[in-house]
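Novice:
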Amino acid sequence: MLDKRMTIDDIVDQLSDGMTIGVGGWATRRKPMALIRAIARSGLKDLTLMAGYGGMDIGMLAATGKIRKLVFAFASLDHFPLEPHFRNARQAGAFEVLELDEGLYHWGLRAGAMKLPFLPTRVGIGTDIITQSGFDFKFVTSPYGDGEQLVAMPALVPDVALIHAHRSDEKGNLLTQSKDALFDELLVRAATRSFATVEKIVPTAELDMKHNSRYNLVERAMITGVAEAPLGAHPSSADPDYQLDLKHIKTYVDSAASPEAWAEYKAKYVDVPEAEYQAAIGGAEAVAALPVPIY
Amino acid sequence: MTDISYSLAELVIVACAEAWRDNGEVMATGIGPLPRIGAGLAKLTFAPAIQTTDGECWYTTEPVGPGKRTAEPEFEGIANYDRVFSALWSGKRHALVGPVQIDRYGQANISSIGDHKKPKIAMLGARGFPGNSISHPNSFFFPNHNKRAFIEGEVDFVCMAGYNPARYLNGQPPKGLDLRIIVTNLCVMDFGGPDHQIRVVSLHPGVTFDEVQDNTGFPLAKIADDIPTTPAPTAEQLEIIAKLDPNNVRATVFKDNPAGDRKAA
């Protein structure tokens, strides 16, 4: 019987210094934060972080000095537009960056997922994306008579992808039940190996795949391991199970004000076992009661 | 003269709405309260075919204003992340966005100020600006028309392509580059001057061309020697704006919510 169940620490044990790690989700939605906190607590270093649609994943790993290079299109907490720990780290020149357009990042993942070396695009033309020092962008010319010159977006191929989903069985059949699947599918398909945290691991029958098929983004063969991590996206959302926690995100934002403030946040919310974290945020009941945000 | 009183925010909303006139059936994205209400106003008056979203991932039948809602809107389609790129790469979108910097070419920046490797100020990152700029029409809103926004040289990190021949790939502007209007607290501009030079097309009531030029880091063209005044909102438009923005978020955009006609002030 195929059993891919692991713990969060088992997943972190699969990571090593210098690895390229891709993170799913978007800003404040479905970030695998339990895993990010575990990486922040670990001895891992010199990571290349691919977080095109970044939020606290970037900020927390920046604040804990884990990043050697960041591949991203933005870092934002949406309702709080600027990611404060990302800002501090960028302004200190703490790591190299490859800054991409959101669609260009998606295009790189798509090339990775299709096992192509690159995909052509116009995105980046006329901008500093293709002139920045972080990467030597190449161009291709259309062979079809029009002769148009296009940007060759290289495949993005993380060593490991980390995503958060809603349900899984023990074989790694996943359901991502949010109304917006984001680009987690392409990230997983692009990566060499992928690990998912899920709100709940259930028997296959309970996935009710007949009715939920549209929420099943990838074949289980793409998933190396699954860890049950209830509230594992908090303080980002795992809608419809729970919404983002604006109050906690505010606390996190305030923690960037000084090294002391960050040390306090880190001691209370990062350097603790997940059960203690959950108690500190008021437990499952408080998270279930979080209001639907207004955009 | 009209005796209808209106705020600068309402004047700007009406000016922003004009971006979507004669656009056909496109996705209308207004970033920030005034452009968003502007898109709603366009949809409820002269541009009923445009599609607007709830700001998350649904197209809604009726435009949704900023802030708290009394009821869930009716959804008419899905605008999830993947679909937004499909739509925008098709060209069937017109976004009105609010960058931090813009230059004489229309190149815009929301990424960083200073050296990109170690910025003085790190902001959002390029987001979808590069792709937007070469895929579909774009317009702009700047709440503070000054030389920090309208800068003398090139913007610090070019996130949106502009009409800058030095950056053209094939010796011509990128396919799909189509910059439309710039609405500010002082005036409305477009790219209709010689070689796409930015040009003042209307001045808000009480504002002079010299005042606009003095607050801009590069030379501006004029649509005519006698520049028209930005049209004041009509009573009907003000009523629709009030319905679209029952939370009065528009009153919080400009400091002290000034009147739209600064001659009268």
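These protein sequences, in sequence, are chains A and B. The opening residue of the first sequence carries number 1 in the numbering used here; numbering runs sequentially from there. The opening residue of the second sequence carries number 296 in the numbering used here; numbering runs sequentially from there. Think of the CB as a built atom: it goes at the ideal place given N, C-alpha and C, for glycine as much as any other residue. Just so you know, these numbers come straight off a predicted model, no measurement behind them.
Which of the residues in the stretch 121-146 of chain A, read from start to end, lie with their CB under 9 Å from any CB of chain B?
Specialist: Thr121, Arg122, Val123, Gly124, Ile125, Gly126, Thr127, Asp128, Ile129, Ile130, Thr131, Gln132, Ser133, Gly134 and Phe139
Novice: Per DSSP, what kind of secondary structure is Met50 (chain A) in: helix, strand or coil?
Specialist: Along the first sequence, read from residue 1 onward, the residue named residue 50 (chain A) stands at position 50. It is a strand residue.
Novice: Classify Thr525 (chain B) as buried or exposed, calling it buried when 16 or more other Cβ atoms lie within 10 Å of its own Cβ.
Specialist: By one-based count along the second sequence, residue 525 (chain B) stands at place 230. Thr525 (chain B) should be labelled buried.
Novice: Is any beta-carbon of chain B found at less than 8 Å from that of Gly112 (chain A)?
Specialist: Numbered from 1 along the first sequence, position 112 holds the residue referred to as residue 112 (chain A). Chain B, which has no Cβ nearer than 8 Å to the Cβ of Gly112 (chain A), makes this no.
Novice: State the CB to CB distance for the pair Thr176 (chain A) and Leu150 (chain A), rounded to an integer number of angstroms; the pair is presumed to be in contact (CB under 8 Å).
Specialist: To locate residue 176 (chain A), count along the first sequence from 1; it is residue 176. To locate residue 150 (chain A), count along the first sequence from 1; it is residue 150. Going by Cβ atoms, the distance from Thr176 (chain A) to Leu150 (chain A) rounds to 32 Å, so no, they are not a contact pair.
Novice: For a contact defined as C-beta to C-beta under 9 Å, what are the partners of Asn543 (chain B) on chain A?
Specialist: Your numbering for residue 543 (chain B) matches position 248 in the second sequence. Correct list: empty, because the minimum Cβ distance to chain A is about 15 Å.
Novice: For Cys454 (chain B), which of B:His440, B:Glu447 and B:Ser428 has the nearest alpha-carbon?
Specialist: Translated into the one-based positions of the second sequence, residue 454 (chain B) becomes position 159. Per the Cα distances, B:Ser428.
Novice: Please state the DSSP three-state secondary structure of Glu506 (chain B).
Specialist: What you label residue 506 (chain B) is simply residue 211 of the second sequence in a count that begins at 1. It is helical.
Novice: When DSSP labels each residue in this structure, what does Lys31 (chain A) get in the three-state scheme?
Specialist: One-based indexing of the first sequence puts residue 31 (chain A) at position 31. Coil at Lys31 (chain A), not helix or strand.
Novice: Exposed or buried, which one is Leu61 (chain A) when buried takes at least 16 other CB atoms within 10 Å?
Specialist: Your numbering for residue 61 (chain A) matches position 61 in the first sequence. Buried.
Novice: Check Gly426 (chain B) in the structure and name its three-state DSSP category.
Specialist: As a first step, residue 426 (chain B) is located in the second sequence; it is residue number 131 there, counting from the start. Of the three classes helix, strand and coil, the one that applies to Gly426 (chain B) here is helix, per DSSP.
Novice: Could you tell me whether the Cβ of Cys376 (chain B) comes closer than 8 Å to any Cβ of chain A?
Specialist: On the second sequence, position 81 is the one that residue 376 (chain B) refers to. The sequence as given places Tyr at residue 376 (chain B); Cys does not occur at that position. So, interface residue.
Novice: In terms of residues, what are the limits of the alpha helix (DSSP H) holding Asp262 (chain A)?
Specialist: In the first sequence, counting from the first residue as 1, residue 262 (chain A) sits at position 262. Residue 262 (chain A) is actually Trp in this sequence, not Asp. Note, Trp262 (chain A): alpha helix (DSSP H), Pro259 to Tyr265.
Novice: Residues of chain A with CB under 7 Å from Phe452 (chain B), in chain order?
Specialist: Your numbering for residue 452 (chain B) matches position 157 in the second sequence. The contacting residues are Asp128.
Novice: How would you list, in chain order, the residues of chain A whose beta-carbon sits under 8 Å from the beta-carbon of His411 (chain B)?
Specialist: Here residue 411 (chain B) refers to the residue found at position 116 when the second sequence is read from its first residue. By Cβ distance, chain A contributes Val97, Glu99, Asp128, Gln132 and Ser133.
Novice: My guess is that Arg30 (chain A) and Gly22 (chain A) are in contact by the Cβ rule of under 8 Å, so how many angstroms apart are they, rounded?
Specialist: Translated into positions along the first sequence, residue 30 (chain A) becomes position 30. Translated into positions along the first sequence, residue 22 (chain A) becomes position 22. Their Cβ separation, rounded to whole angstroms, is 14 Å, which puts Arg30 (chain A) and Gly22 (chain A) out of contact at 8 Å.
Novice: Do Ala63 (chain A) and His85 (chain A) have their CB atoms nearer than 8 Å?
Specialist: For this step, residue 63 (chain A) is matched to residue 63 along the first sequence. For this step, residue 85 (chain A) is matched to residue 85 along the first sequence. The criterion of a C-beta distance shorter than 8 Å is satisfied by Ala63 (chain A) and His85 (chain A).
Novice: Please report the distance separating the alpha-carbon of Glu170 (chain A) from that of Val450 (chain B).
Specialist: Indexing the first sequence from 1 puts residue 170 (chain A) at position 170. Indexing the second sequence from 1 puts residue 450 (chain B) at position 155. The straight-line gap from Cα to Cα measures roughly 52 Å.
Novice: Determine the direct distance from the alpha carbon of Ile326 (chain B) to that of Gly423 (chain B), and round the result to whole angstroms.
Specialist: Start at 1 with the first residue of the second sequence, and residue 423 (chain B) comes out as number 128. Start at 1 with the first residue of the second sequence, and residue 326 (chain B) comes out as number 31. Spanning the two alpha carbons is a distance of roughly 12 Å.
Novice: Using the DSSP secondary-structure output, state which residues sit across from Lys138 (chain A) in a beta bridge.
Specialist: In the first sequence, the residue the question calls residue 138 (chain A) occupies position 138. As computed with DSSP, Lys138 (chain A) is found in a beta bridge with A:Ala152.
Novice: Distance check for Trp107 (chain A) and Phe139 (chain A), CA to CA, integer angstroms please.
Specialist: Sequence index remark: in the first sequence, residue 139 (chain A) carries index 139 (1-based). Sequence index remark: in the first sequence, residue 107 (chain A) carries index 107 (1-based). Taking the straight line joining both Cα atoms gives about 15 Å.
Novice: Let me know if Asn439 (chain B) comes out buried or exposed under the rule of 16 or more other beta-carbons within 10 Å of its beta-carbon.
Specialist: Numbered from its first residue, the second sequence carries residue 439 (chain B) at position 144. Exposed, because fewer than 16 other Cβ atoms sit within 10 Å of the Cβ of Asn439 (chain B).
Novice: In the structure shown, what three-state DSSP assignment does His211 (chain A) receive?
Specialist: If you number the first sequence from 1, residue 211 (chain A) lands on position 211. Helix, per DSSP.
Novice: Going by DSSP, what residue range makes up the alpha helix (DSSP H) through Phe195 (chain A)?
Specialist: Along the first sequence, read from residue 1 onward, the residue named residue 195 (chain A) stands at position 195. For Phe195 (chain A), there is no enclosing alpha helix (DSSP H); the residue is found in the beta strand (DSSP E) stretching over Arg193 to Ile201.
Novice: Met6 (chain A) by DSSP, collapsed to three states: which one?
Specialist: In the first sequence, counting from the first residue as 1, residue 6 (chain A) sits at position 6. Three-state result, Met6 (chain A): strand.
Novice: Run down chain B in chain order and give the residues with a C-beta less than 7 Å from the C-beta of Ala298 (chain A).
Specialist: Outside the modelled stretch of chain A, which goes from 1 to 295, sits residue 298 (chain A), for which no answer is possible.
Novice: Leaving aside the five residues before and after Glu305 (chain B) along the sequence, list all residues of the same chain whose C-beta is less than 7 Å from its C-beta, in chain order.
Specialist: For the purposes of this step, residue 305 (chain B) is identified with residue 10 of the second sequence, where counting begins at 1. So the list reads Pro528, Leu533, Ile536, Arg545 and Gly555, once near-sequence residues are dropped.
Novice: Can you have a look at Gln467 (chain B) and say buried or exposed, based on whether 16 or more other CB atoms are within 10 angstroms of its CB?
Specialist: By one-based count along the second sequence, residue 467 (chain B) stands at place 172. Flag for Gln467 (chain B) reads exposed.
Novice: Kindly indicate if chain B contains any beta-carbon less than 8 Å away from that of Ala165 (chain A).
Specialist: Taking the first sequence and counting its residues from 1, the one referred to as residue 165 (chain A) is at position 165. No, Ala165 (chain A) lies away from the interface with chain B (no Cβ there is under 8 Å from its Cβ).
Novice: The beta strand (DSSP E) that contains His164 (chain A), what's its start and end?
Specialist: By one-based count along the first sequence, residue 164 (chain A) stands at place 164. In the DSSP assignment, His164 (chain A) falls within the beta strand (DSSP E) that extends over Val160 to Ser168.
Novice: With three or more beta-carbon pairs closer than 8 Å as the criterion, would you say the stretch 462-481 of chain B touches the stretch 310-322 of chain B?
Specialist: yes
Novice: Can you list the alpha helix (DSSP H) stretches of 4 or more residues lying completely in the stretch 301-356 of chain B, in chain order?
Specialist: 303-312 and 328-339
Novice: I want to verify the contact list: residues of chain A whose CB lies under 7 Å from the CB of Asp349 (chain B), in sequence order.
Specialist: If you number the second sequence from 1, residue 349 (chain B) lands on position 54. The answer, in chain order, is Tyr295.
Novice: What does DSSP give as the partner residues of Ser434 (chain B) in its beta bridges?
Specialist: For the purposes of this step, residue 434 (chain B) is taken as residue 139 along the second sequence, with counting starting at 1. According to DSSP, Ser434 (chain B) bridges with B:Leu391.
Novice: Please list the partners that Phe486 (chain B) has in chain A, where partner means a Cβ-to-Cβ separation under 8 Å.
Specialist: As a first step, residue 486 (chain B) is located in the second sequence; it is residue number 191 there, counting from the start. Ordered by position in chain A, no residue passes the 8 Å Cβ test against Phe486 (chain B), which lies about 14 Å from the chain.
Novice: So, does the stretch 143-163 of chain A touch the stretch 101-120 of chain A, judging by three or more C-beta pairs under 8 Å?
Specialist: yes
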